[in-house]
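A.B. asks:
In the working numbering, the protein residues as written are 606 to 833.
(1) Kindly indicate which residue of 811, 797, 816, 810 has the alpha-carbon position closest to the one of residue 824.
(2) Would you mind giving the Cβ-Cβ distance between residue 777 and residue 810, rounded to the nearest angstrom? I have them listed as a contact below 8 Å.
(3) Under 6 Å Cβ to Cβ from residue 610, same chain only, skipping five residues before and after it: list those, please.
(4) Taking just the CA atoms, how far does residue 747 sit from residue 679?
(5) According to DSSP, what are the bridge partners of residue 772?
(6) Taking the alpha helix (DSSP H) that residue 703 falls in, what are its first and last residues?
(7) Determine which residues share a DSSP beta bridge with residue 784 and list them.
(8) Using a 10 Å radius around the Cβ and a threshold of 16 neighbouring Cβ atoms, would you call residue 720 buried or exposed?
(9) Using the Cβ count rule (16 or more neighbours within 10 Å means buried), how would you classify residue 808?
(10) Tell me, please, which residues DSSP counts as bridged to residue 610.
(11) So, at 7 Å on beta carbons, what are the nonlocal neighbours of residue 782 in its own chain, with the 5 sequence-adjacent residues on each side left out?
(12) Based on the DSSP output, what are the partners of residue 746 in its beta bridges?
(13) Under a CB-based cut-off of 8 Å, is residue 647 close to chain C?
(14) For residue 743, does the count of other Cβ atoms within 10 angstroms reach 16, so buried, or fall short, so exposed?
(15) Would you call the region 785 to 793 and the region 760 to 776 touching, i.e. three or more CB-CB distances under 8 Å?
(16) Mapping the DSSP letters down to three states, classify residue 659 as helix, strand or coil.
(17) State buried or exposed for residue 715, treating a residue as buried only when at least 16 other CB atoms are found within 10 Å of its CB.
(18) Assign residue 779 to one of two classes, buried (16 or more other C-beta atoms within 10 Å of its C-beta) or exposed (fewer than that).
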């Protein structure tokens with residue numbers, strides 16, 4: 606199996622935490638690591654760059670890469686592509702577009718995004734599947750004015766994946782809550798009404814203004830893991 610930069614990052618971080626490479630230690634260079642892991646040097650470079658940006662290692666030209674003496678923790682959120690999340694769990698992925706319409710957005714939506722009342726937005730409802738079973742119900746309000754060009758057919762590529770890979774985001778916020786499943790969520794996710802669901806609600810803004818407000822209702826038993 607070919608390793609990706611995320612795998613290299615995880616292994617380097619594991620060795621640092623295990624004190625194989627203690628604070629202040631000089632770690633092998635990119636050439637040595639690429640030979641050890643059997644990957645391109647660019648893959649190693651990406652992994653080390655991510656760790657340097659997180660404050661775990663320090664990189665200096667002609668001085669090599671060292672484990673930081675006092676690691677600086679920098680919180681950074683990367684919006685996940687749900688398809689890749691499912692595949693990383695060893696499950697097959699698919700999705701169904703349940704709703705797609707252009708309509709005046711409700712006041713709570715426009716207020717959250719700082720848009721005028723009754724702004725016409727695109728409402729998308731997508732059910733993401735993992736191993737053929739409901740995984741996440743995505744309810745999204747998308748601001749067409751924030752897109753640089755016409756979007757694709759969201760029945761062939763999910764709005765989640767297209768936005769992450771095509772729109773430059775500059776800010777946003779996210780909140781996690783445990784909420785009882787609504788009748789609609791229970792029906793789509795195959796759960797009993799009132800079942801506690803993990804819900805993530807996120808707003809994002811791009812260079813052209815507010816982009817989207819999305820609610821992600823996860824199927825019962827969903828587990829979120831964050832690496833920091």
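C-beta: ideal position from N, C-alpha, C; glycine also.
C.D. replies: So, from the listed chains and residues:
(1) 797
(2) 6 Å
(3) 648, 651, 652
(4) In this prediction, residue 679 scores a pLDDT of 49, lower than 50, which makes its location untrustworthy; no coordinate-derived value is stated.
(5) None, per the DSSP bridge assignment.
(6) From DSSP, residue 703 is part of no alpha helix (DSSP H) but of the beta strand (DSSP E) over 698 to 709.
(7) Beta-bridge partners assigned by DSSP to residue 784: 802.
(8) For residue 720, the number of other beta carbons within 10 angstroms of its own is at least 16, and it is reported as buried.
(9) Here residue 808 is buried: its Cβ has 16 or more other Cβ atoms, across all protein chains shown, within 10 Å.
(10) DSSP output for residue 610 lists no bridge partner at all.
(11) 804
(12) 728, 818
(13) In the displayed structure, chain C is absent; only one protein chain is listed.
(14) Result: buried.
(15) Flag = no, the region 785 to 793 and the region 760 to 776 do not touch.
(16) coil
(17) buried
(18) exposed
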